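A.B. asks:
In my numbering, the protein residues as written are 112 to 618.
(1) Relative to the C-alpha of residue 242, which candidate in 434, 221, 262 and 257 has its C-alpha closest?
(2) So, helix, strand or coil for residue 593, using DSSP?
(3) For the pair the stretch 436 to 455 and the stretch 361 to 368, tell me if three or more CB-CB distances fall below 8 Å.
(4) Do you know how far the Cα of residue 324 is from the Cα of residue 371?
(5) Spatial neighbours of residue 588 within its chain, please: CB distance less than 7 Å, with the 5 preceding and 5 following residues excluded, ordered by chain position.
(6) Which of the three DSSP states is assigned to residue 403 in this structure?
(7) On a Cα-Cα basis, can you pick out the residue from 426, 439 and 592 that is closest to residue 400?
(8) On a Cα-Cα basis, can you pick out the residue from 171, 303, 295 and 180 that is closest to residue 541?
(9) Should the stretch 595 to 612 be regarded as contacting the stretch 250 to 262, the criterion being three or more beta carbon pairs within less than 8 Å?
(10) Residue 386 to residue 232, Cα distance in whole Å?
(11) Just how far apart, CA to CA, sit residue 274 and residue 355?
(12) Residue 283 and residue 346 - do their beta-carbons sit closer together than 9 Å?
(13) Residue range of the beta strand (DSSP E) that residue 509 falls in?
(14) With a threshold of 16 other CB atoms inside 10 Å of the CB of residue 185, please say whether the residue is buried or exposed.
(15) Restricting to Cα atoms, I'd like to know which of 349, 419 and 329 is closest to residue 381.
(16) Going by beta-carbon coordinates alone, are residue 342 and residue 358 separated by less than 9 Å?
(17) Check this for me: beta carbons of residue 407 and residue 494, under 9 Å apart or not?
(18) Please state whether the Cβ-Cβ distance between residue 437 and residue 351 is less than 9 Å.
(19) Alpha carbon to alpha carbon, what distance is there between residue 239 and residue 492?
(20) Who pairs with residue 449 in a beta bridge, going by DSSP?
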């Protein structure tokens, strides 16, 4: 131990000695170079170049002083009241000819015009702010975070491909409840930044609406001011439950002429989802005859559209619904109706047994399907009463199982770094779309403004218009409300009593 301490002390002394030597050498080097610098500076001051530089600087300073005195003299001369008076007398005191008067008036007029033009050009442009009523979600904390605001900022200026719409009616969808709970929040934040340069919150609810066109962009070709239209927007976009919406031309179309605003607003979003599901299942008028189709949730907005179209295409339509909705789905054209249990309206356990009621309903539907023993060509899920896995045993191996429910988004659980990576990916995808598809989009007169929801477009809306005007598709409106009833409306669409669409009107 003593030997270890001795060697340690030797090491420390060696290090101290080396540090002292290093410090001493550093000091010597600094002193040497500082002396060299002083000598060089002294030599420069005593050199001819330094004398020339001094002379040059003195000459420049003298010239500057002379010019300053000259300018001062000119200012004093022209600012002298006596000199100003003499100049005025010299100009206006003489006799003026008509030519002088004409030239003077012309110069005065031109000067006024130029002055006004410059003033208008450089004046600070006051921002135009317009307000509107809107239903907004301020935080992703559920339906409790939904509020009605009277001073939401209203859009008033159209881009080249934009259309400004005065909203008459809009539907309230289940996806609005999902949005209140945070559905799509990460993508919404990223895409709003790319497309609109605005924050994702507050987000206006509503995914479709009907209204009247009040303004159009310079490159909008399909629509005119005054047209009665309907439209649908994707989950990440600002919604339609507001008095005014600004929408890209590719998401809007003229509404059917034979239905009103309230009825028409039940179809754009639900109808687009229904047509997308039918396309995914490869079903149309040419191949649907006698095919057995199961629509899970026949009384949902999407289910009501599916039953009518499939019935028109001569398919054999089976559907599930609550007992209360049986007359409605039968009138829509369902051939087979599978009912599920429903908690009575006067049950004291209505709120406390919601999850249990859904579980009982699920088991009851599965038992009914098992008893029937039917196998379907296509199964389309429009509500969550049964899982896709449970439904798979009732579908043909060559058949298809389609869901119209909003798919789970992995991006909603992204952390900070994952969100940065996703943001870069989305930005890159947008830039690639913009560069590759620009030529085709210019030919079509459409902007790039979609992200994996291309079915929400005017092509789908025009198909729906054709079905409605031909009498094959009817609207199913369950309840009409005003913005002040938003809380009751959101609760209603989640309850078993909801059949078809719940509509909100704006006046």
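Beta carbons are placed, not taken as given, at the ideal position from N, Cα and C, and that holds for glycine. Source: prediction; values computed, not measured.
C.D. replies: Looking at the coordinates:
(1) 262
(2) coil
(3) Verdict: no, contact absent.
(4) 15 Å
(5) 373, 374, 377, 611, 612 and 614
(6) strand
(7) Selected option, being the one with the closest Cα: 426.
(8) 303
(9) yes
(10) For residue 386 and residue 232, the distance between alpha carbons rounds to 52 Å.
(11) 11 Å
(12) Cβ atoms of residue 346 and residue 283: not closer than 9 Å.
(13) 506 to 514
(14) Per the 10 Å Cβ criterion, exposed.
(15) 419
(16) yes
(17) yes
(18) no
(19) Straight-line Cα distance between these residues: approximately 46 Å.
(20) Answer is 431.
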